[in-house]
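Keeping their order, the protein sequence lines are chains A and B.
Just so you know, we're using the numbering used here here: the first sequence kicks off at 2 and counts up by one.
Just so you know, we're using the numbering used here here: the second sequence kicks off at 196 and counts up by one.
Structure first, commentary second.
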Amino acid sequence: SAVISQKPSRDICQRGTSLTIQCQVDSQVTMMFWYRQQPGQSLTLIATANQGSEATYESGFVIDKFPISRPNLTFSTLTVSNMSPEDSSIYLCSVEDWARRNTEAFFGQGTRLTVV
Amino acid sequence: AQSVAQPEDQVNVAEGNPLTVKCTYSVSGNPYLFWYVQYPNRGLQFLLKYITGDNLVKGSYGFEAEFNKSQTSFHLKKPSALVSDSALYFCAVRPNYNQGGKLIFGQGTELSVKP
Numbered sequence: 002s003a004v005i006s007q008k009p010s011r012d013i014c015q016r017g018t019s020l021t022i023q024c025q026v027d028s029q030v031t032m033m034f035w036y037r038q039q040p041g042q043s044l045t046l047i048a049t050a051n052q053g054s055e056a057t058y059e060s061g062f063v064i065d066k067f068p069i070s071r072p073n074l075t076f077s078t079l080t081v082s083n084m085s086p087e088d089s090s091i092y093l094c095s096v097e098d099w100a101r102r103n104t105e106a107f108f109g110q111g112t113r114l115t116v117v
Numbered sequence: 196a197q198s199v200a201q202p203e204d205q206v207n208v209a210e211g212n213p214l215t216v217k218c219t220y221s222v223s224g225n226p227y228l229f230w231y232v233q234y235p236n237r238g239l240q241f242l243l244k245y246i247t248g249d250n251l252v253k254g255s256y257g258f259e260a261e262f263n264k265s266q267t268s269f270h271l272k273k274p275s276a277l278v279s280d281s282a283l284y285f286c287a288v289r290p291n292y293n294q295g296g297k298l299i300f301g302q303g304t305e306l307s308v309k310p
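Dropping the structure here:
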């Protein structure tokens, strides 16, 4: 199994500012994903973090708002830009090994973001 | 459209009683099925999965799940609930990779086990 370290675990931010969340994995993984979990709701996929190229965003999410980097196979960052209270959520990093198709996804502990 | 449904927002069980958390899916082909648990202020933890083979799969913490292809269901079960099982449970489905292959999550079921 993969061990994922996600930082920060929580933050309270002023509206209009940006926050960068880091995700570090203890082994090389093929796929890294970023999810948003709004209060009392399920997980919504934001994007797939592609190593060495631009992330692939899901419908409703754009690069200007959620820029993502993945410089190598063990690290990725998600930035929440120009924040508003509606961005208050838990943001989760996830990794999967698509070279082994029947394996489960592993998740970081999440970043609880509150925008005031 | 591909989807996963957890029909119960909340399940309440007395400690020591059996529990069931329901999950049905609408995905073509032979998807992979998963259950995850989320404790307060934590990420998701993997419980169990169905890939192929025996319809009854066993996982962590005494949980098991039964795959029913004809009913497209994958219900989570435990013979005797513990107060510490109280958490948020998510069912997830991974379609075939030629359909994208990304996980689809249910809306979650809050399990409350009372002493």
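A virtual CB, placed ideally from N, CA and C, is assigned to each residue, including glycine.
Item, Value
"In the DSSP assignment, the beta strand (DSSP E) including serine 198/B goes from what residue to what residue?", "198-200"
"Which first and last residues belong to the beta strand (DSSP E) in which glutamine 240/B is found?", "239-245"
"Which residue or residues does DSSP assign as beta-bridge partners of threonine 115/A?", "Ile13/A"
"Measuring only the C-alpha atoms, how far is leucine 79/A from lysine 272/B?", "36 Å"
"Counting pairs of beta carbons, one from the region 44-64 of chain A and one from the region 201-215 of chain B, are three or more of them closer than 8 Å?", "no"
"How many angstroms separate the CA atom of threonine 115/A from the CA atom of aspartate 88/A?", "8 Å"
"Looking at chain A, is there any beta carbon in it that lies within less than 8 Å of the beta carbon of phenylalanine 241/B?", "yes"
"Kindly list, in the order they appear in chain B, the residues whose Cβ is closer than 7 Å to that of phenylalanine 108/A.", "Gly238, Leu239"
"Return the Cβ separation of arginine 16/A and valine 81/A in integer angstroms, given the expectation that the two are a contact with Cβ distance under 8 Å.", "Actually they do not touch by this definition, with Cβ atoms about 11 Å apart."
"Leaving aside the five residues before and after lysine 253/B along the sequence, list all residues of the same chain whose C-beta is less than 6 Å from its C-beta, in chain order.", "Glu259"
"Hey, is glutamine 205/B's beta-carbon within less than 8 Å of any beta-carbon in chain A?", "no"
"According to DSSP, is tyrosine 234/B helix, strand or coil?", "coil"
"On the DSSP bridge assignment, give the partners of arginine 289/B in chain order.", "Tyr227/B"
"Anything in the region 33-46 of chain A with a Cβ closer than 8 Å to a Cβ of chain B? List those residues in chain order, please.", "Phe34, Gln42, Ser43, Leu44, Leu46"
"Identify the residues that DSSP records as bridge partners of arginine 37/A: which are they?", "Thr45/A, Tyr92/A"
"Going by CA-CA distance only, name the one from Leu93/A, Thr49/A, Asp65/A, Thr31/A that's closest to serine 19/A.", "Asp65/A"
"Just to confirm, are glycine 301/B and cysteine 218/B a CB contact at a threshold of 8 Å?", "yes"
"Tell me where the beta strand (DSSP E) around isoleucine 69/A begins and ends.", "69-73"
"Taking the DSSP output, what are the residues bridged to glutamine 23/A?", "Lys8/A, Thr78/A"
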